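The structure appears below as structure tokens.
Residue numbers (the numbering used here), protein chains in the order written: chain B, 37 to 300; chain G, 2 to 323.
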């Protein structure tokens, strides 16, 4: 057993996932420090989302192990991992369409605080601490004015904000953000970028993103994946200077230009 | 700003002014229309049955074509209990509910996995199995002749179940009201909110820490118990249980009540039961043989135009919003 540093909150060791003959995740080892702002980048099909699915328990690894806050969670059900503080957002919005943002957040906070099985008292009753948390989240994510609308009727940017607000309602110690700004139109982007930048410092964040501006402004550490395996890991400057990383992104106009702009 | 969410959350479960009015009307109905007490009894029983389906279908998104399995089990359990153990109606009701909780727990294993289509088939299959078991075990159930000779003791030792159906109507109304209140608390609770989350997006529900399988199993058991109570009421107030209680048309009818009244708000079952029974009574008086034709036509029109539009006649000739 390798001894991991005490400030490691999430550690994946030798993760392998095969679908039939295809190796989607190839011996990935990844370590997330307390309070980290860690970005996971790589071209489409590099296996980033598969890795998230392995970490959160949606998929079962073919080999390897995952530990959260020093506890082995490799065989734990997804909801048990959430109860221990490992929370994710989705690349494609996964929301509760017939519920309002207020109901959604109150439900998520109540569930997180162990009240999900209470069936006699109304949602949000009691001393009001659930409602207070909902107010905070609604403010922070610019959702207060639409808190009574059915989620399916919200503008795309608002739904994207709700997607992340739900994750924070779960009071994560480790947050996995899967392309938070994907598909958000320019006018609605600013709110989203602000909220990502303002995530609480004590939450360790692993960010998957194609938007290099966001990646380089956000991350203090980066991991590059190619073909299911880790190509390299380092601080943003060394990643931007790494010729292998630039080769991977060669020909992908925007991303390679963004990395190149930070070179030297 | 602070306190907005608190007030808003409290508002969600607030009792609307029309709710007590509706229940007062329901309780006044047998006294006002004594000659229709038996029909009111039936409406109360089927409303309760439909509410139990709404809990799994409307609030949790579990489709079922075999909800009569629990209705039938409750009916036979109550009838057999009255015949062989104790004729007291409330004891029989509790016994039937207990039996259905066990049946619900066993059956819940069959609805945890798979798609809506597999769930439709599995629930249908379970109801068919129970129907044939009841048919085959004629030494216990009376088989195709039904279970005869069920005589109920007076309710609370005082109120005889007479031919007028007055006791029956008030008994069913009281039980339906009590269970309705419990379910109303339940759907506005955190538990109820997690059920809706499971209905809307099972993947995300899991991703925010809701134990989805446990939720599905527990709500299925609760719905089974309520459906069993409805079945028990029917058997106790009619003094009879026959294979008909397990029949496919029971499962289909209860779905029909919810389609008429609307899913996901608990009152849908009540509205559906009232509308359906009144239509049945009126239509079968006009055309005893062919009344289902009109029910069918009504259903098609209802689903094609939408409930919202149908109850607002002034919108019928306006331009439709697309």
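Quick reminder that beta carbons are idealized off the backbone N, C-alpha and C, glycines included. Quantities reported herein were computed from a predicted structural model and do not represent experimental measurements.
Residue i versus chain G: which residues are under 8 angstroms apart at the beta carbon?
i, result
"residue 225 of chain B", "Per Cβ cutoff of 8 angstroms: no residues; residue 225 of chain B is ~23 angstroms from chain G at best."
"residue 131 of chain B", "201, 202 and 205"
"residue 92 of chain B", "208"
"residue 8 of chain B", "Given that chain B is displayed from residue 37 to residue 300, the structure contains no residue 8 of chain B and the question cannot be resolved."
"residue 119 of chain B", "210"
Going by the CB atoms, is the gap between residue j and residue i shorter than 7 angstroms?
i, j, result
"residue 179 of chain B", "residue 76 of chain B", "no"
"residue 130 of chain B", "residue 202 of chain G", "yes"
"residue 262 of chain B", "residue 284 of chain B", "yes"
"residue 51 of chain G", "residue 270 of chain G", "yes"
"residue 209 of chain G", "residue 54 of chain B", "no"
"residue 143 of chain B", "residue 215 of chain G", "no"
"residue 243 of chain G", "residue 128 of chain G", "no"
"residue 50 of chain B", "residue 100 of chain B", "yes"
"residue 165 of chain G", "residue 38 of chain G", "yes"
"residue 112 of chain G", "residue 63 of chain G", "yes"
"residue 64 of chain B", "residue 266 of chain B", "yes"
"residue 167 of chain B", "residue 10 of chain G", "yes"
"residue 194 of chain G", "residue 105 of chain G", "no"
"residue 269 of chain B", "residue 245 of chain B", "no"
Between which two residues does the alpha helix (DSSP H) harbouring residue i extend?
i, result
"residue 270 of chain B", "Taken as a continuous stretch (DSSP letters only), residue 270 of chain B belongs to no alpha helix (DSSP H), being part of the beta strand (DSSP E) at 265-270."
"residue 74 of chain B", "From DSSP, residue 74 of chain B is part of no alpha helix (DSSP H) but of the beta strand (DSSP E) over 73-77."
"residue 203 of chain G", "203-208"
"residue 280 of chain B", "279-285"
"residue 253 of chain B", "248-254"
"residue 149 of chain G", "No alpha helix (DSSP H) contains residue 149 of chain G, which DSSP labels as neither H nor E."
"residue 31 of chain G", "19-33"
"residue 115 of chain B", "114-119"
"residue 116 of chain G", "Premise fails: residue 116 of chain G is in no alpha helix (DSSP H) and is neither H nor E."
May I ask which residues mark the beginning and end of the beta strand (DSSP E) holding residue i?
i, result
"residue 102 of chain B", "99-104"
"residue 135 of chain B", "Here residue 135 of chain B belongs to no beta strand (DSSP E), and DSSP marks it neither H nor E."
"residue 240 of chain B", "240-244"
"residue 59 of chain B", "58-69"
"residue 124 of chain B", "122-124"
"residue 311 of chain G", "Residue 311 of chain G -> not in any beta strand (DSSP E); alpha helix (DSSP H) instead, spanning 308-311."
"residue 55 of chain B", "44-55"
"residue 258 of chain B", "257-262"
Would you mind telling me which residues of chain B sit closer than 7 angstroms to residue i, beta carbon to beta carbon, in chain order?
i, result
"residue 190 of chain G", "154, 155, 156, 157, 158 and 159"
"residue 78 of chain G", "Simply none; closest approach about 25 angstroms."
"residue 187 of chain G", "155"
"residue 211 of chain G", "115, 147 and 152"
Give the interface partners of residue i over in chain B, defined as CB-CB distance under 8 angstroms, in chain order.
i, result
"residue 53 of chain G", "By Cβ distance, chain B contributes nothing, its closest Cβ being about 15 angstroms from residue 53 of chain G, past 8 angstroms."
"residue 14 of chain G", "158 and 159"
"residue 193 of chain G", "155 and 159"
"residue 41 of chain G", "Within chain B, no residue comes near residue 41 of chain G; the closest Cβ sits about 30 angstroms away, beyond 8 angstroms."
"residue 227 of chain G", "Within chain B, no residue comes near residue 227 of chain G; the closest Cβ sits about 14 angstroms away, beyond 8 angstroms."
Name the chain G residues that come within less than 7 angstroms of residue i, Cβ to Cβ?
i, result
"residue 102 of chain B", "Near residue 102 of chain B there are no residues of chain G at all, since even the closest Cβ is about 16 angstroms away, more than 7 angstroms."
"residue 114 of chain B", "207 and 208"
"residue 174 of chain B", "6"
"residue 164 of chain B", "7"
"residue 144 of chain B", "209"
Closer than 9 angstroms by beta-carbon distance: list the chain G residues that pair up with residue i, in chain order.
i, result
"residue 184 of chain B", "9"
"residue 124 of chain B", "208"
To the nearest whole angstrom, what separates the beta carbons of residue i and residue j, a pair I think is in contact under 8 angstroms?
i, j, result
"residue 192 of chain B", "residue 220 of chain B", "7 angstroms"
"residue 120 of chain B", "residue 240 of chain B", "About 13 angstroms separates the two Cβ atoms, so there is no contact after all."
"residue 76 of chain G", "residue 255 of chain G", "At roughly 14 angstroms, the Cβ-Cβ gap does not stay under 8 angstroms, so residue 76 of chain G and residue 255 of chain G are not in contact."
"residue 117 of chain B", "residue 138 of chain B", "Not a contact, Cβ separation roughly 26 angstroms."
"residue 87 of chain B", "residue 61 of chain B", "6 angstroms"
"residue 217 of chain G", "residue 116 of chain G", "At roughly 14 angstroms, the Cβ-Cβ gap does not stay under 8 angstroms, so residue 217 of chain G and residue 116 of chain G are not in contact."
"residue 382 of chain G", "residue 66 of chain G", "Given that chain G is displayed from residue 2 to residue 323, the structure contains no residue 382 of chain G and the question cannot be resolved."
List the residues of chain B whose Cβ lies closer than 9 angstroms to the Cβ of residue i, in chain order.
i, result
"residue 224 of chain G", "Those do not exist, as residue 224 of chain G stays about 13 angstroms from chain B at its closest Cβ, beyond 9 angstroms."
What are the start and end residues of each continuous alpha helix (DSSP H) run of 4 or more residues lying completely inside the stretch 44-113 of chain G, in chain order? Taking only runs of at least 4 residues, the alpha helix (DSSP H) segments lying wholly in the stretch 44-113 of chain G are 69-81 and 90-109.
Runs of alpha helix (DSSP H) wholly within the stretch 153-215 of chain B (minimum 4 residues, chain order): Fully enclosed alpha helix (DSSP H) runs of 4 or longer: 165-176 and 192-205.
Suppose only complete runs of 4+ residues qualify. What are the alpha helix (DSSP H) ranges in the stretch 236-273 of chain G, listed by chain order? Correct list: 249-262.
Residue ranges of each alpha helix (DSSP H) run of no fewer than 4 residues wholly in the stretch 131-199 of chain G, ordered along the chain? Entirely contained in the stretch 131-199 of chain G, the alpha helix (DSSP H) runs reaching 4 residues are, in chain order, 139-142 and 167-188.
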